[in-house]
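Enquirer: Sequential numbering of the sequence shown, starting at 4, is according to the working numbering. Ideal Cβ placement from N, Cα and C applies to all residues, glycine included. Just so you know, these numbers come straight off a predicted model, no measurement behind them.
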Amino acid sequence: MTTKGKVSLLERGLIWVLIQLVLLCGIVLIPRDLLGLPAWSDGINIAARLLGGMILFAGLVLVAISALYLGTNLTIFPHPLDDGSLTQSGIYGIVRHPMYAGVILCGWGYGLFVNSTPGLVLSLILTLFFDRKAHFEEARLRAKYPEYDQYQKRVKKLIPFIY
Numbered sequence: 004m005t006t007k008g009k010v011s012l013l014e015r016g017l018i019w020v021l022i023q024l025v026l027l028c029g030i031v032l033i034p035r036d037l038l039g040l041p042a043w044s045d046g047i048n049i050a051a052r053l054l055g056g057m058i059l060f061a062g063l064v065l066v067a068i069s070a071l072y073l074g075t076n077l078t079i080f081p082h083p084l085d086d087g088s089l090t091q092s093g094i095y096g097i098v099r100h101p102m103y104a105g106v107i108l109c110g111w112g113y114g115l116f117v118n119s120t121p122g123l124v125l126s127l128i129l130t131l132f133f134d135r136k137a138h139f140e141e142a143r144l145r146a147k148y149p150e151y152d153q154y155q156k157r158v159k160k161l162i163p164f165i166y
């Protein structure tokens with residue numbers, strides 16, 4: 004805590020945000036040929052682009068819907084806002100971290116769409132990263148919202164009805 008009782012950027016999770024930014028930039032900016040990897044075959048290329056485009060679109064829609072439901076509770080930090088409230092309705096009644104799930108889908112979709120093996124490897128790392136970031140965030144959500152334990156038991160973390 005800072006001297007005025009406000010939570011510092013580090014305590015709010017700045018490191019998590021910076022790692023997330025590096026991973027997302029890596030997915031988008033590291034081209035396949037930079038690492039000397041072979042091009043994907045034409046058949047795989049076309050199928051991957053089609054599937055990747057659909058997954059990327061679904062991820063973008065999920066991120067947008069999540070942001071709308073969060074409204075003024077939206078923050079990039081994995082620390083709840085001081086004046087925030089717990090969102091449990093809409094998409095948040097289906098999965099606890101739909102924004103993270105949407106960004107994960109965007110990573111996988113983009114990696115497929117541009118035929119980037121490094122992008123897919125980084126998307127796997129991004130998936131594991133968001134699982135850990137959600138764990139970090141949920142400790143803070145449980146501390147702030149007494150009802151979070153029940154919400155956590157009722158709603159899955161990242162994949163509806165599964166995980």
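Using 10 angstroms around the beta-carbon of F164, count the other beta-carbons present and answer buried if the total reaches 16, otherwise exposed.
Expert: F164 should be labelled exposed.
Enquirer: So, Y113 versus G105, is the Cβ gap smaller than 8 Å?
Expert: Taking 8 Å as the Cβ cut-off, Y113 and G105 do not qualify as a contacting pair.
Enquirer: Considering H138, what are the terminal residues of the alpha helix (DSSP H) in which it resides?
Expert: Unbroken alpha helix (DSSP H) run through H138: T120 to K147.
Enquirer: Going by beta carbon distance, what residues of the same chain come within less than 8 Å of V98, once the five residues before and after it are set aside?
Expert: So the list reads A104, V158, K159, K160, L161, I162 and P163, once near-sequence residues are dropped.
Enquirer: Locate the alpha helix (DSSP H) running through R52, then write down its first and last residues.
Expert: Segment D45 to L73, the alpha helix (DSSP H) holding R52.
Enquirer: How would you call E150, buried or exposed, if buried means at least 16 neighbouring beta carbons within 10 angstroms?
Expert: Burial call: exposed.
Enquirer: Answer with yes or no whether the minimum CB distance from G46 to chain C is below 8 Å.
Expert: Of the protein chains in the structure, only one exists, and it is not chain C.
Enquirer: If you reduce the DSSP assignment to three classes, tell me which class K160 lands in.
Expert: DSSP places K160 in coil when its eight states are reduced to three.
Enquirer: Counting C-beta neighbours from all protein chains within 10 Å, is the total for H138 16 or more, i.e. buried, or is it exposed?
Expert: H138 comes out exposed.
Enquirer: My assumption, with CB atoms under 8 Å, is that L17 sits in contact with I128. Please give the rounded CB distance.
Expert: Rounded, the Cβ-Cβ distance is 19 Å, inconsistent with contact.
Enquirer: Alpha carbon to alpha carbon, how far is G96 from K156? Give it in angstroms, no decimals.
Expert: Between K156 and G96, the C-alpha separation is close to 12 Å.
Enquirer: Starting from I30, trace the alpha helix (DSSP H) both ways and give me its first and last residue.
Expert: Where I30 is concerned, the enclosing alpha helix (DSSP H) stretches over L17 to L32.
Enquirer: With H, G and I counted as helix, E and B as strand and the rest as coil, what does DSSP make of V106?
Expert: Residue state, collapsed to three classes: helix.
Enquirer: Just the C-alpha distance for G87 and Y166, rounded to the nearest angstrom, thanks.
Expert: Using only the alpha carbons, I get a separation of about 25 Å.
Enquirer: Taking Cβ to Cβ, would you say W43 is nearer than 8 Å to N118?
Expert: Yes, these two residues count as a Cβ contact at 8 Å.
Enquirer: Report yes if the CB atom of H100 is closer than 8 Å to the CB atom of R15, and no otherwise.
Expert: No, Cβ-Cβ distance for H100 and R15 is not below 8 Å.
Enquirer: Suppose you measure from the CA of V124 to the CA of G29; what does that come to, to the nearest Å?
Expert: Going from the Cα of V124 to the Cα of G29 covers about 10 Å.
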